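Undergrad:
Chains as they are written, first to last, in the numbering used here: chain U, 937 to 1268; chain H, 937 to 1268.
#1: At the level of alpha carbons, what is the spacing between residue 1173(U) and residue 1142(U)?
#2: When the Cα atoms are used, what is the spatial distance from residue 1248(H) to residue 1072(U)?
#3: For the segment 1124–1141 of chain H against the segment 1248–1262 of chain U, are there 3 or more C-beta pairs whose distance is under 8 Å?
#4: Any idea what DSSP makes of residue 1262(H), helix, strand or coil?
#5: Measure from the C-beta of residue 1262(U) to each C-beta in chain H and report whether the shortest distance is under 8 Å.
#6: So the candidates are 984(H), 976(H), 953(H); which of them puts its Cα closest to the Cα of residue 962(H)?
#7: Just curious, the beta strand (DSSP E) that residue 1206(H) is in, first and last residue?
#8: Would you be able to state if there are at least three C-beta pairs under 8 Å between the segment 1007–1020 of chain H and the segment 960–975 of chain H?
#9: Quick one: which unbroken beta strand (DSSP E) runs of 3-plus residues sit fully inside the segment 1150–1194 of chain U? Chain order, please.
#10: Ordered along the chain, which non-local residues of its own chain (more than five positions away) have a Cβ less than 8 Å from that of residue 1188(H)?
#11: Please classify residue 1234(H) as buried or exposed, where buried requires at least 16 neighbouring CB atoms within 10 angstroms.
#12: Which class does residue 1202(H) belong to by DSSP, given the choice of helix, strand or coil?
#13: Measure the CB-CB distance between residue 1114(U) and residue 1067(U) and report whether it falls below 8 Å.
#14: Could you give the DSSP three-state label for residue 988(H): helix, strand or coil?
#15: Give, in chain order, every residue of the segment 1110–1130 of chain H whose Cβ lies closer than 8 Å to some Cβ of chain U.
#16: Determine which residues of the segment 1195–1209 of chain U have a Cβ less than 9 Å from any Cβ of chain H, and write them out in chain order.
#17: State the beta-bridge partners of residue 1088(U) as determined by DSSP.
#18: I want to verify the contact list: residues of chain H whose CB lies under 9 Å from the CB of residue 1257(U), in sequence order.
#19: Do the segment 1047–1066 of chain U and the segment 988–1006 of chain U make contact, defined as three or more Cβ pairs closer than 8 Å?
#20: Anything in chain H within Cβ reach of residue 1247(U), meaning under 7 Å, just list it in chain order.
#21: Taking the C-alpha atoms as reference points, what is the distance between residue 1046(U) and residue 1103(U)?
#22: Would you say the segment 984–993 of chain H touches the segment 1032–1046 of chain H, given that touching needs at least three Cβ pairs under 8 Å?
#23: Tell me which residue opens and which closes the alpha helix (DSSP H) that residue 1231(U) is part of.
#24: Are at least three pairs of beta-carbons, each pair with one atom in the segment 1201–1210 of chain U and one in the segment 1124–1131 of chain U, less than 8 Å apart?
#25: Report, in whole angstroms, the separation of the C-beta atoms of residue 1041(H) and residue 1119(H), which I expect to be a contact under 8 Å.
#26: So, using beta-carbon positions, are residue 1083(U) and residue 1116(U) closer together than 8 Å?
#27: Name, going along the chain, the residues of the segment 1141–1174 of chain H whose beta-carbon falls closer than 7 Å to a beta-carbon of chain U.
#28: Closer than 7 Å by C-beta to residue 1001(U): which residues in its own chain qualify, once you throw out the five before and the five after it? Chain order, please.
#29: By how many angstroms is the C-alpha of residue 1267(H) removed from the C-alpha of residue 1260(H)?
#30: On a Cα-Cα basis, can you pick out the residue from 1134(U), 1185(U), 1145(U), 1206(U) that is closest to residue 1163(U)?
#31: Just the C-alpha distance for residue 1224(U) and residue 1064(H), rounded to the nearest angstrom, thanks.
#32: Answer with yes or no whether the minimum CB distance from residue 1106(H) to chain U is below 8 Å.
#33: Thinking C-beta only, is residue 1236(U) closer than 8 Å to residue 991(H)?
#34: Give me the chain U residues within the contact set of residue 1193(H), using Cβ-Cβ distance strictly less than 8 Å, ordered along the chain.
#35: May I ask you to list the residues that DSSP assigns as paired with residue 1034(U)?
#36: On the DSSP letters alone, give me the boundaries of the beta strand (DSSP E) that residue 960(U) sits inside.
Right under this line is the structure:
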């Protein structure tokens, strides 16, 4: 049992852990989608220090997306993660915490913007791709791999992908040098039972090719944490989470819940509690993430949260009723 | 598949439903634990109308607890659910919605306070018991059964009960005339995998004796909804939920999420959305329920939420830090 998160019967067996499990904090990266990546250096530094103190394995700071498509004047530094911006926060990062960035297929000038590993504090490059962009993603994976980085691929919006296409996509990715393939619930629409079946499907492909399975969830139906631990129980070993669930729309799996669940003594909850209270919750005055009925409805309908974000973007006094939003969203 | 909530593979099979599933709204009952059962008649009537419109099967209005132990001067009407209070809201309840009350073992003068069924609008009497009170609970079940009511028994705090005791308790209850035995996660401490194992255990006992299994959850670890649907998938057919999760401490499984999940055309989400927005959310100015780090910590430690309720009961400006609360609660 020493290498199991817990035993099959589930009850009274919470005393062991699975050392292969690695946690990636993406507070600044996913949260950046709610403020055009304009966090203060102090906030980013506080999250970095929290990740170091909490024993988290990876911290993702932001995107490596194109400065042509996303001009520097329109976004904060974490849309591009220039080396000088990273080093302003982490120095040479002489810690056990590894650093990560993500690059979107067709939105990244990765060939020039991602430096060779020896010139960067970045350890891990993650490639985010929709199913139809997999050929682009494969080139990005090869590029990052050849530059010396660890790599993952995050296949987005799989809740809208046909079974055959997903099978074929996973097969192609499994033949690449990518280290981890992530199951991503972009719309927060999956129930735990679906996560169970999909994790098994991903694992089958990944185990045959020596790769890990990762999980990245959204909280539209208050299942982000539940779905993450369901994937863990099935065998996923790479887990995304964010402090206080900060992330796009309904947010992500809260890191504080996940660390409470994992029994690896490497992880410490106390610094995360402090960061939630003193760093992240104060952001709620200016940033609005987390569960809302409008996100629940887009999740139920397996839609991008766009409509809900528009709804919630209207000042509260001018906002229409949730019933009216429901009527509109159902009228397709 | 017509009688299944969904098929085993879980993926792409959300088009069927299980007609045996019944939903019980306990917004007023569990929420009453946060305001000494002092809801206005207008609010109780609005929740009643919502349950009728939404096609919910049962609505629980409150407790049938002792007026000696809990004087009428200290509590609102839903601590005792006198017939005249009930009828002021529901008249003769000429609807398809059944009405429920709950009575706590050792806290109820049930022999006198629960009238014969023909004199009452109540349909269902639920008995709440700790494991050591089962002999009392059995007498209460017999009393209610003989008076003509449907009955359930809610065995509380099973996360603190030894396996052998639970097995024996379930066996004794299965020999009573009770209709449903509820799995209750009083402290919000169970993970979905534990719910899975326990639901199976309850089902084994209940199926042999022709009873149903129910599920009642709390949201300390943001798993109330996830654990409820996990129990559904395993075979639980009686589901407790509350509008906007209103309930003690971290609250309960939100009815709006549950109705979204269940595919029975009998249920309608629209009136619940309206009730959340216009009736329940305005209560937040004076009532504080729902997820909080302090509830997460009592849940993690499998403790009664008492310490967290005390912590949150302190005015915010005088409240100690969450890290200090963590240090204290860990120092046992």
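Every residue, glycine too, gets a C-beta built ideally from N, C-alpha and C.
This one's a predicted model, so the numbers in the text were calculated from it and none came from an experiment.
TA: Looking at the atomic coordinates:
#1: Against the first chain, residue 1173(U) aligns to sequence position 237. Against the first chain, residue 1142(U) aligns to sequence position 206. If you take the alpha carbons of residue 1173(U) and residue 1142(U), they lie about 11 Å apart.
#2: Along the second chain, one-based indexing puts residue 1248(H) at 312. Along the first chain, one-based indexing puts residue 1072(U) at 136. If you take the alpha carbons of residue 1248(H) and residue 1072(U), they lie about 51 Å apart.
#3: no
#4: As a working note, residue 1262(H) is residue 326 in the second chain. In the structure shown, residue 1262(H) sits in a helix (DSSP, three-state: H, G or I).
#5: Stepping through the first chain from its first residue, residue 1262(U) is reached at position 326. Judged by the 8 Å Cβ criterion, residue 1262(U) is in contact with chain H.
#6: Residue 962(H) sits at position 26 when you count from the first residue of the second chain. That would be 984(H), whose Cα lies nearest to the Cα of residue 962(H).
#7: To locate residue 1206(H), count along the second chain from 1; it is residue 270. Residue 1206(H) -> not in any beta strand (DSSP E); alpha helix (DSSP H) instead, spanning 1206–1211.
#8: yes
#9: 1174–1177
#10: Walking along the second chain from the start, residue 1188(H) turns up at place 252. Closer than 8 Å at Cβ, skipping near neighbours: 962, 966, 1152, 1153, 1154, 1155, 1160, 1176, 1177, 1178, 1181, 1182.
#11: Taking the second chain and counting its residues from 1, the one referred to as residue 1234(H) is at position 298. Burial call: buried.
#12: To locate residue 1202(H), count along the second chain from 1; it is residue 266. It is coil, neither helix nor strand.
#13: Against the first chain, residue 1114(U) aligns to sequence position 178. Against the first chain, residue 1067(U) aligns to sequence position 131. Against a cut-off of 8 Å, the Cβ pair of residue 1067(U) and residue 1114(U) comes out as no contact.
#14: Taking the second chain and counting its residues from 1, the one referred to as residue 988(H) is at position 52. Three-state result, residue 988(H): helix.
#15: 1127, 1128, 1129, 1130
#16: 1196, 1197, 1205, 1206, 1207, 1209
#17: Residue mapping note: residue 1088(U) aligns to position 152 of the first chain, counting from 1. Paired residues: 1062(U), 1116(U).
#18: As a working note, residue 1257(U) is residue 321 in the first chain. Those within 9 Å of residue 1257(U) in chain H are 1209, 1210, 1213, 1214.
#19: yes
#20: Here residue 1247(U) refers to the residue found at position 311 of the first chain. Those do not exist, as residue 1247(U) stays about 12 Å from chain H at its closest Cβ, beyond 7 Å.
#21: For this step, residue 1046(U) is matched to residue 110 along the first chain. For this step, residue 1103(U) is matched to residue 167 along the first chain. So the two alpha carbons sit approximately 27 Å from each other.
#22: yes
#23: For the purposes of this step, residue 1231(U) is taken as the residue at position 295 of the first chain. 1229–1236 is the span of the alpha helix (DSSP H), which, as asked, contains residue 1231(U).
#24: no
#25: As a position in the second chain, residue 1041(H) is number 105, starting the count at 1. As a position in the second chain, residue 1119(H) is number 183, starting the count at 1. In fact, because the Cβ distance is near 17 Å, the residues do not count as touching under 8 Å.
#26: Taking the first residue of the first chain as position 1, residue 1083(U) is located at position 147. Taking the first residue of the first chain as position 1, residue 1116(U) is located at position 180. The answer is no: Cβ separation not under 8 Å.
#27: 1157, 1158, 1159, 1161, 1162, 1165, 1166, 1169
#28: Position 65 of the first chain, counted from the start, is the residue given in the question as residue 1001(U). Taken in chain order, the residues that qualify are 1015, 1016, 1039, 1040, 1043, 1044.
#29: To locate residue 1260(H), count along the second chain from 1; it is residue 324. To locate residue 1267(H), count along the second chain from 1; it is residue 331. Looking at the two C-alpha atoms, the distance is approximately 11 Å.
#30: Here the question's residue 1163(U) lines up with position 227 in the first chain. That would be 1134(U), whose Cα lies nearest to the Cα of residue 1163(U).
#31: Sequence index remark: in the first chain, residue 1224(U) carries index 288 (1-based). Sequence index remark: in the second chain, residue 1064(H) carries index 128 (1-based). Straight-line Cα distance between these residues: approximately 39 Å.
#32: As a first step, residue 1106(H) must be located in the second chain, where it is residue number 170. It does not: the Cβ of residue 1106(H) has no partner Cβ on chain U nearer than 8 Å.
#33: To locate residue 991(H), count along the second chain from 1; it is residue 55. To locate residue 1236(U), count along the first chain from 1; it is residue 300. Contact flag unset, no.
#34: By 1-based counting over the second chain, the position of residue 1193(H) is 257. Result: 1157, 1158, 1232.
#35: By one-based count along the first chain, residue 1034(U) stands at place 98. In DSSP, residue 1034(U) forms a bridge with 994(U).
#36: Position 24 of the first chain, counting from 1, holds the residue named residue 960(U). First-last of the beta strand (DSSP E) with residue 960(U): 958–961.
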